[in-house]
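Enquirer: Questions regarding the structure given below will be posed in turn.
2 protein chains.
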Amino acid sequence: MTTDQLYSEIRKKGTMLCVGLDTDYAKIPACLKSGRSAGEAVIEFNKRIIDATAPYCVAFKPNLAFYECLGHDGLTILEQTVEHIRLNHPGQFVIADAKRGDIGNTARMYAKSYFETFDFDAVTLSPYMGSETVTPFLEYPGKYAIVVALSSNPTSTDFQNAIIDGKPIYQAVIEKMMGISTPENMMFVIGATKADKLKEIRSFCPDNFFLVPGVGAQGGSAEEVISAGANPKGGLLINSSRGIIYASSDSDFAEAASLKAQATARI
Amino acid sequence: MTTDQLYSEIRKKGTMLCVGLDTDYAKIPACLKSGRSAGEAVIEFNKRIIDATAPYCVAFKPNLAFYECLGHDGLTILEQTVEHIRLNHPGQFVIADAKRGDIGNTARMYAKSYFETFDFDAVTLSPYMGSETVTPFLEYPGKYAIVVALSSNPTSTDFQNAIIDGKPIYQAVIEKMMGISTPENMMFVIGATKADKLKEIRSFCPDNFFLVPGVGAQGGSAEEVISAGANPKGGLLINSSRGIIYASSDSDFAEAASLKAQATARI
Numbered sequence: 001m002t003t004d005q006l007y008s009e010i011r012k013k014g015t016m017l018c019v020g021l022d023t024d025y026a027k028i029p030a031c032l033k034s035g036r037s038a039g040e041a042v043i044e045f046n047k048r049i050i051d052a053t054a055p056y057c058v059a060f061k062p063n064l065a066f067y068e069c070l071g072h073d074g075l076t077i078l079e080q081t082v083e084h085i086r087l088n089h090p091g092q093f094v095i096a097d098a099k100r101g102d103i104g105n106t107a108r109m110y111a112k113s114y115f116e117t118f119d120f121d122a123v124t125l126s127p128y129m130g131s132e133t134v135t136p137f138l139e140y141p142g143k144y145a146i147v148v149a150l151s152s153n154p155t156s157t158d159f160q161n162a163i164i165d166g167k168p169i170y171q172a173v174i175e176k177m178m179g180i181s182t183p184e185n186m187m188f189v190i191g192a193t194k195a196d197k198l199k200e201i202r203s204f205c206p207d208n209f210f211l212v213p214g215v216g217a218q219g220g221s222a223e224e225v226i227s228a229g230a231n232p233k234g235g236l237l238i239n240s241s242r243g244i245i246y247a248s249s250d251s252d253f254a255e256a257a258s259l260k261a262q263a264t265a266r267i
Numbered sequence: 001m002t003t004d005q006l007y008s009e010i011r012k013k014g015t016m017l018c019v020g021l022d023t024d025y026a027k028i029p030a031c032l033k034s035g036r037s038a039g040e041a042v043i044e045f046n047k048r049i050i051d052a053t054a055p056y057c058v059a060f061k062p063n064l065a066f067y068e069c070l071g072h073d074g075l076t077i078l079e080q081t082v083e084h085i086r087l088n089h090p091g092q093f094v095i096a097d098a099k100r101g102d103i104g105n106t107a108r109m110y111a112k113s114y115f116e117t118f119d120f121d122a123v124t125l126s127p128y129m130g131s132e133t134v135t136p137f138l139e140y141p142g143k144y145a146i147v148v149a150l151s152s153n154p155t156s157t158d159f160q161n162a163i164i165d166g167k168p169i170y171q172a173v174i175e176k177m178m179g180i181s182t183p184e185n186m187m188f189v190i191g192a193t194k195a196d197k198l199k200e201i202r203s204f205c206p207d208n209f210f211l212v213p214g215v216g217a218q219g220g221s222a223e224e225v226i227s228a229g230a231n232p233k234g235g236l237l238i239n240s241s242r243g244i245i246y247a248s249s250d251s252d253f254a255e256a257a258s259l260k261a262q263a264t265a266r267i
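Chains A and B are the protein sequences, given in the same order.
Read in our numbering, the first sequence has 257 at position 257, and its numbers run on one by one without any break.
Read in our numbering, the second sequence has 24 at position 24, and its numbers run on one by one without any break.
Structure representation (structure tokens):
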């Protein structure tokens, strides 16, 4: 998918919402578990959440931890989840939230995993081991590396305030990555709980999409994020996971998720 | 496994070697591929490499990228690989080389994946998002978080020279992690291509095991690593992956791997 196609979807639907599919079997409504195996319940939950929220979002983001913990069955569910989106909701941007980051030889295998074995549009990456952890992902036209620059979690300040060449490390990460990529193959994760930082980062990174987690369960406000971080075309994917998919734990879970999605990250 | 048990295995076998199972189907000897599916060839290769090298190493380290790229079949192979080690080579320390790192809620699912769904002793983690990415892994007795402090790859200096509170980031990472853990649940990845740094790090981190990659294909010397990084009890796991498992691409691949293993990281 090109960024023009993604901008077009955002304008058409009037939203920047990305729905995070952090599906935890323990949190799935009881009505879905009856008569189903754990794997069957998770895929049924995902399909119903996807169908209910797809009209009100432009992206889906399964977090791989929630699938790996089910072993090989988990990856089957992940494959089925992506396939369900592709078949039923064309135009959605599908992100593997993986936060991978390894040496070049290994990064090539991860790129192959998400862009060939699985049919994702983008994958989140951790920058700690440097630019070679990212470069293999840039070689796939229409696919994106999404590098974590500034995260939204409480301990993000443990190391993300480090200084390199007089700049905070998140700025050094963004500038290094901008130097080896284009907005057509690179996006950045910028935590939503830091709207002031979002504005500062937009000033030196005007054109790349930002994937913004932390709205909802983590406390960030989508309105503040849009005000601080949008560029003239938009340039944001605003993620909410738990706040939407677990909006209700009863049989109305899909309707509740739909209503939450309709109320989040509208433009 | 306790560190005393691991130290005892190291003394008994006279080696600090960890064999990295970065099994790439494209690099498996042709003789193993004939009449086998890709998955069957990979598991057969792993079993024969494990059986050939187990007498001469104390740890095995599958890198998850090489299994994920085969989709759900890859995780089945990973499960079978760990099971083969557990059944046939008790006493081996088995590491998931995953370099994971995500917010607490997600880190808990990753910890569940590697320590409950899969039967690993340890998992490698990336520190960029701070201490909460690590804490869920510390709650499993006899299991270890292995946090990447200083990596061995060419672009490791892109961000690992950043300064935080007057110290290099890798030192800040190690000191922060030492503050929330003990040597019984925490190890560090320290790249072998930097023997001088290994000595420096050992001076402020005397007791934790270091997992040292970069020996062999990446150019590090095991002798230099032991001289610079060992503590009085040992305290090192020295990894070699490609240098051992691809020592020969012919039908003698297992014998060649065994000979390479016998010659690497002896004490």
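Glycine included, each C-beta is placed from N, C-alpha and C at the ideal position.
Which residue marks the beginning of the alpha helix (DSSP H) containing residue 115 of chain A, and which one marks its end?
Expert: That residue, residue 115 of chain A, is in no alpha helix (DSSP H); it is neither H nor E in DSSP.
Enquirer: Note down, in chain order, every chain B residue with its Cβ under 7 Å from the Cβ of residue 173 of chain A.
Expert: Those are 159, listed as they occur along chain B.
Enquirer: Ignore the nearest five residues each way along the sequence and tell me which others in residue 129 of chain A's own chain have a CB closer than 7 Å to its CB.
Expert: Only 101, 102, 103 meet the Cβ criterion.
Enquirer: What is the rounded straight-line gap between the Cα of residue 239 of chain B and the Cα of residue 222 of chain B?
Expert: Each residue's Cα considered, the two are about 9 Å apart.
Enquirer: Using a Cβ-Cβ cut-off of 8 Å, state whether residue 154 of chain B counts as contacting chain A.
Expert: So, interface residue.
Enquirer: Hey, does residue 102 of chain A have any beta-carbon neighbour from chain B nearer than 8 Å?
Expert: At least one chain B Cβ lies under 8 Å of residue 102 of chain A.
Enquirer: Going by C-alpha to C-alpha distance, which of B:242, B:31, B:90 sits closest to residue 120 of chain B?
Expert: When only C-alpha atoms are compared, the closest one is B:90.
Enquirer: Can you confirm whether the segment 141-149 of chain B touches the segment 183-198 of chain B when touching is taken to mean that 3 or more C-beta pairs between the two stretches lie within less than 8 Å?
Expert: A contact exists between the segment 183-198 of chain B and the segment 141-149 of chain B.
Enquirer: Taking all protein chains shown into account, decide if residue 31 of chain B is buried (16 or more other Cβ within 10 angstroms of its Cβ) or exposed.
Expert: Residue 31 of chain B is exposed by the Cβ-count criterion.
Enquirer: Output, in chain order, the set of chain B residues within a Cβ distance shorter than 9 Å of residue 87 of chain A.
Expert: Correct list: empty, because the minimum Cβ distance to chain B is about 18 Å.
Enquirer: For residue 237 of chain B, which residues does DSSP report across the bridge?
Expert: Per DSSP, B:211.
Enquirer: Do residue 162 of chain A and residue 164 of chain B have their C-beta atoms closer together than 8 Å?
Expert: The answer is yes: Cβ separation under 8 Å.
Enquirer: Pull up the distance between the alpha-carbon of residue 170 of chain A and that of residue 112 of chain A, whole angstroms please.
Expert: Using only the alpha carbons, I get a separation of about 27 Å.
Enquirer: Here's the rule I'm using: 16 or more other beta-carbon atoms within 10 Å means buried, otherwise exposed. How should residue 196 of chain A be labelled?
Expert: When all chains shown are included, residue 196 of chain A counts as exposed.
Enquirer: Going along chain A, which residues have a C-beta under 7 Å from residue 181 of chain B?
Expert: Chain A residues near residue 181 of chain B: none, gap ~14 Å exceeds 7 Å.
Enquirer: Which of the three DSSP states, helix, strand or coil, is assigned to residue 197 of chain A?
Expert: Of the three classes helix, strand and coil, the one that applies to residue 197 of chain A here is helix, per DSSP.
Enquirer: Where does the unbroken beta strand (DSSP E) through residue 97 of chain A begin, and where does it stop?
Expert: Run containing residue 97 of chain A: 93-100, per the beta strand (DSSP E) assignment.
Enquirer: Using a beta-carbon distance cut-off of less than 7 Å, what residues from the segment 124-152 of chain B approach chain A?
Expert: The segment 124-152 of chain B vs chain A, Cβ under 7 Å: 126, 127, 128, 129, 130, 131, 132, 148, 151.
Enquirer: Grab the span of the alpha helix (DSSP H) containing residue 31 of chain B for me, first residue to last.
Expert: Unbroken alpha helix (DSSP H) run through residue 31 of chain B: 30-33.
Enquirer: Verify whether the separation of the beta carbon atoms of residue 136 of chain B and residue 96 of chain B is less than 8 Å.
Expert: Their beta carbons are not under 8 Å apart, which means residue 136 of chain B does not touch residue 96 of chain B by this criterion.
Enquirer: Determine the DSSP secondary structure at residue 279 of chain B, reduced to helix, strand or coil.
Expert: The displayed coordinates of chain B run from 1 to 267. Any statement about residue 279 of chain B would go beyond what the structure contains.
Enquirer: What three-state label does DSSP hand residue 153 of chain A in the structure shown?
Expert: Three-state DSSP puts residue 153 of chain A in coil, outside helix and strand.
Enquirer: According to DSSP, simplified to helix, strand and coil, what is residue 216 of chain B?
Expert: Residue state, collapsed to three classes: coil.
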